[in-house]
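Right, one structure below, let's go through it.
Number of protein chains: 2
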Amino acid sequence: MNLPMSMDQALTYARANRERFINDLMEFIRIPSISTQIQRAPDIQRAADWLLSRLERLGFQTRILPTGGSPAVYGQRLSSDASAPVLLLYGHYDVQPAEPLEEWSTPPFEPEVRGENLFGRGASDMKGPLMAYLAALESTIAAGPLPLSIKILIEGEEEVGSPHLEALMAREKELLRCDAVLNGDTLLLRPDLPTIVYGLRGLAYYELHVETAAHDLHSGLFGGASPNAGQILCELIAGMHDSQGRVTLPHFYDDVEPLAGEERRELARIPFDPKEFLSQSTGLGIIGEEGYTVTERVGARPTLEVNGLLSGFTETGSKTVLPARAMAKISMRLVPNQKADRVKAQLANYLQQKAPPWLKWEVIDLTGGPAAIVRRDTPAMRAAIRALEGAFGAKPVFAREGGSVPVVSLIQNLLGTDSIMMGISLPDDNLHAPNEKLHLPSLARGTEAYIRFFHELIR
Amino acid sequence: MNLPMSMDQALTYARANRERFINDLMEFIRIPSISTQIQRAPDIQRAADWLLSRLERLGFQTRILPTGGSPAVYGQRLSSDASAPVLLLYGHYDVQPAEPLEEWSTPPFEPEVRGENLFGRGASDMKGPLMAYLAALESTIAAGPLPLSIKILIEGEEEVGSPHLEALMAREKELLRCDAVLNGDTLLLRPDLPTIVYGLRGLAYYELHVETAAHDLHSGLFGGASPNAGQILCELIAGMHDSQGRVTLPHFYDDVEPLAGEERRELARIPFDPKEFLSQSTGLGIIGEEGYTVTERVGARPTLEVNGLLSGFTETGSKTVLPARAMAKISMRLVPNQKADRVKAQLANYLQQKAPPWLKWEVIDLTGGPAAIVRRDTPAMRAAIRALEGAFGAKPVFAREGGSVPVVSLIQNLLGTDSIMMGISLPDDNLHAPNEKLHLPSLARGTEAYIRFFHELIR
């Protein structure tokens with residue numbers, strides 16, 4: 004069997020072209036494909052076109068899959084051997100907004116290499132992992148034919164919660180049918196600790212609006228007797244956690260499966276150092292739900308967070324108003340078995356119980372997706388383990404990740420396939436934050452792991 | 004004595020010129036003299052120039068009194084009789100910002116008469132009362148000489164807390180020396196209820212900043228274990244009141260003089276109707292400190308209010324961040340004997356006690372001024388009572404007002420003179436809010452009351 008030889012050739016090719024792949028990635032990062040900002044639609048299109056032309060150069064048949072929003076990019080390069088396994092690569096080409104711009108050391112869309120890192124919005128979430136896919140594909144294809152069919156789906160709305168993905172996948176179910184899925188949109192816990200994520204939290208994201216008067220009131224004339232929307236919003240939000248860090252929405256934990264002892268022991272194997280956590284997060288403290296480790300809190304327990312607050316007068320100077328309106332963006336990270344519609348009802352129940360009866364309030368659905376757990380005992384999973392051991396020289400750790408990748412449960416439900424989640428972004432890569440970066444040695448190792456995974460799948 | 008005759012002539016003149024005075028006021032409102040917005044400095048200057056030319060036409064000697072910020076306008080028209088009493092009129096020509104603009108029915112700086120009301124930013128606070136001064140002066144002067152010397156001081160920074168007024172008044176103490184002061188920057192409680200305000204709350208206005216991390220964090224990766232600045236700000240603010248509506252800052256009430264029984268009985272004479280209050284305020288409820296009437300809560304008790312909130316992502320759509328920073332504008336209305344520096348220390352003590360030890364927080368002073376109480380038994384006060392009885396045909400009510408007019412205590416301290424506070428703005432005039440308006444019949448009655456006051460002072 005000539006597979007080991009073609010694998011070695013592919014790995015050699017990847018190493019020889021490392022600089023070029025980095026330059027290509029920088030070109031890709033320069034396209035500010037921010038899906039949450041409507042005025043970026045032309046950049047979204049440019050990013051999709053960039054991917055199309057890259058895939059075409061690699062011999063892929065490509066299609067733009069239109070959605071109600073940003074288009075998805077699809078490509079396939081099928082083996083002439085009809086019995087070859089089919090691997091679907093999933094990714095997203097859209098990125099988070101870059102605000103607050105003043106906190107970036109270099110402009111977010113002018114990528115710059117400093118030391119071992121490449122800085123830029125999307126460098127690790129997830130244009131870097133997409134580049135690892137493309138580099139691994141190019142290297143593998145250059146080394147000769149392989150009895151493996153590759154499909155690739157790259158959406159443009161992941162950062163806004165993939166609102167059209169379910170409809171798209173249902174429509175294109177036959178096109179997307181596959182035997183295994185690779186998803187690089189998860190974390191590598193340390194550069195030397197190969198990581199397979201087997202659990203993801205879901206997301207339920209809302210806007211809460213409260214209104215206390217028809218318009219802002221003079222705080223001198225009415226302060227002390229007329230209600231203040233900003234004040235009431237703060238009280239409502241403060242009441243959403245108790246002193247043990249638990250969420251107080253009625254029945255919030257009813258659907259939460261308790262963590263099994265086996266799983267808690269497995270999660271405890273993931274190294275945790277408070278100093279390192281503080282340094283990675285840049286946070287000034289560690290908080291959370293009593294009775295759970297930090298690894299469990301961020302990966303395996305549900306949370307409720309304020310993502311934004313706006314009320315009253317916020318410009319420079321002073322304005323003596325009682326705000327009539329206040330808004331909070333509130334999101335919850337969900338664990339398996341929690342459902343977004345039940346969580347929304349729990350939030351509404353909380354507000355019915357806690358809000359003064361005269362308060363006008365409204366909860367607006369923004370985005371969301373369920374949590375996911377994948378099996379750890381499939382052939383594809385074993386291929387992934389071998390690929391990571393080969394690339395990193397170490398046994399991978401199984402982790403549950405706090406973020407949400409809605410596509411994983413969609414693929415489970417629609418195609419019946421579990422995803423192999425092995426990414427290359429480090430916890431200190433500033434995902435969704437200023438100075439997002441990609442660790443370039445991890446890009447190289449990830450590329451190598453993906454090349455090995457392609458070959459291990461057909462062993 | 005020919006005074007009644009000249010007074011009747013002046014009142015006749017005022018009635019005959021009513022429409023012209025309204026047109027002049029509309030011209031004045033069209034100048035967007037917003038003191039809190041630095042880019043409005045040219046409009047501030049235009050408003051000052053407009054007043055200067057009006058006063059010069061009335062035969063006043065005028066001067067611009069420079070300050071570190073917006074200039075003050077000064078004018079005097081002294082009687083040839085050196086023993087004539089000196090009346091100082093105080094006012095301000097600056098206005099509040101007009102935001103939120105979308106809530107105005109007509110543009111804030113394009114005044115429009117609808118029914119009995121004139122709509123526009125500054126219509127009642129306080130370009131309307133300034134117009135009542137100017138109309139009363141013009142009418143009185145037209146009716147012939149009066150043994151009364153008039154001085155007028157119109158500042159341009161009242162809406163930002165009069166930061167330069169104390170230094171200015173200390174410097175110009177001799178110029179401003181007077182026997183009585185008229186201040187029209189207070190409320191008329193009802194169109195048919197002539198009102199003299201004898202107490203004003205002070206103001207202490209701060210910005211509170213909290214910081215929990217170097218930058219915003221990914222809510223999936225860190226949510227549940229890393230702190231959230233928006234959440235913590237809400238908890239801190241929620242804790243600033245107890246369930247009885249009392250402010251919880253340590254020792255906050257120590258300096259507050261208890262309300263005497265006589266005063267509570269006098270305040271209880273002010274009519275209060277919850278329905279009317281809700282309609283005037285447009286508020287959806289009535290809240291406040293237990294054990295006090297609404298009249299006491301808004302006039303005679305200290306308060307703490309959130310005037311603005313800002314944290315995290317507040318644009319359209321969703322961004323899954325844990326905010327690293329959060330800001331609140333927080334102001335307190337003070338009653339006599341409370342001091343801004345002590346209140347600031349109480350706020351800092353509260354934060355020291357309640358904030359997690361690792362939290363970075365800062366309290367920035369924005370503006371403030373002490374509360375004031377004036378005597379109700381002076382000759383000038385008796386002249387005011389007679390003037391209001393004459394103009395309204397009803398006995399005036401004595402009220403304490405919740406707003407702050409820092410100049411009243413400054414004049415008390417620097418010149419030793421109590422102010423007569425009788426304004427023409429109604430509680431439903433939307434002061435500091437969208438759709439600010441002036442009740443035009445009250446402008447006419449106020450003009451009449453001021454004409455009568457000029458004459459009553461020399462009786």
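Heads up: the protein sequence lines correspond to chains G and S, in order.
So the first sequence is numbered by the working numbering: it starts at 4 and just counts up by one.
So the second sequence is numbered by the working numbering: it starts at 4 and just counts up by one.
Yeah, the Cβ is synthetic: ideal placement off N, Cα and C, and Gly gets one too.
G/V408 sits in coil when the DSSP states are folded into three classes, being neither helix nor strand. Take the alpha-carbon of S/P103 and the one of S/L133: they are about 25 Å apart. The residue from S/Y77, S/R23, S/Q247 with its alpha-carbon nearest to that of S/I67 is S/Y77. Fully contained in the segment 159-212 of chain S are the following beta strand (DSSP E) runs of length 3 or more, in chain order: 183-186, 198-203.
At a cut-off of 9 Å between C-beta atoms, G/R300 counts as an interface residue with respect to chain S.
Around S/P111, the same chain offers P35, A101, L104, G123, R124, P437, E439 as residues with beta carbons nearer than 8 Å, after the five sequence neighbours per side are excluded. Around the Cβ of G/R379, a 10 Å sphere holds fewer than 16 other Cβ atoms; the residue is exposed. Residue environment for S/M8: exposed (fewer than 16 other C-beta atoms within 10 angstroms of its C-beta).
Chain S has a Cβ within less than 9 Å of the Cβ of G/A241. If you draw a straight line from the Cα of S/F63 to the Cα of S/I461, it comes to about 20 Å. S/F275 sits exposed, since fewer than 16 C-beta atoms from the chains shown fall within 10 Å of its C-beta. Secondary structure note for G/K347: its alpha helix (DSSP H) is the uninterrupted segment 343-357. DSSP lists G/F122 as the beta-bridge partner residues of G/E115. When Cβ-Cβ separations below 9 Å define contact, G/C237 makes contact with chain S. Where S/T143 is concerned, the enclosing alpha helix (DSSP H) starts and stops at 131-145. In chain order, P253 place their CB closer than 8 Å to the CB of G/Q356, counting only its own chain and leaving out the 5 sequence neighbours on each side. Inter-segment contact for the segment 153-168 of chain G and the segment 14-30 of chain G is absent: fewer than three beta-carbon pairs are separated by less than 8 Å. Proximity of S/Y208 to chain G, defined by a Cβ-Cβ separation below 9 Å, is satisfied. The C-beta distance from G/F316 to S/K398 rounds to 39 Å, too long to fall under 8 Å, and the pair is not in contact. Under DSSP, G/I427 forms no beta bridge with any residue. In the structure shown, the three-state DSSP call for S/F31 is helix. Not a single C-beta of chain G is nearer than 9 Å to the C-beta of S/L104. Not flagged as an interface residue toward chain S: G/K347, since no C-beta distance is shorter than 9 Å. Residue state for S/M243 is assigned as coil, using DSSP reduced to three classes. In this chain, the alpha helix (DSSP H) harbouring G/H458 covers 443-460. If you draw a straight line from the Cα of G/L61 to the Cα of G/R80, it comes to about 9 Å. Secondary structure at G/D276: coil, using DSSP grouped into helix, strand and coil. Within the same chain, I34 come within 6 Å of G/R49 by CB-CB distance, once the 5 residues on both sides are set aside. By the rule that beta-carbons nearer than 9 Å mark a contact, G/V411 does not touch chain S. S/R304 sits in coil when the DSSP states are folded into three classes, being neither helix nor strand. Distance from S/F280 to S/I290 at the Cβ level is roughly 12 Å; contact not present, criterion being Cβ atoms closer than 8 Å.
Residues of the same chain with a CB within less than 7 Å of the CB of G/R57, apart from the 5 flanking positions on each side, are L137 in chain order. Counting C-beta atoms within 10 angstroms of its own C-beta, G/N310 has 16 or more neighbours from the protein chains shown and is therefore classed as buried. For G/K363, the residues of chain S that pass the 7 Å Cβ criterion are L287, in the order they occur in the chain.
Using a CB distance cut-off of 9 Å, S/N433 counts as an interface residue toward chain G.
S/L262: not part of any alpha helix (DSSP H); DSSP gives it neither H nor E.
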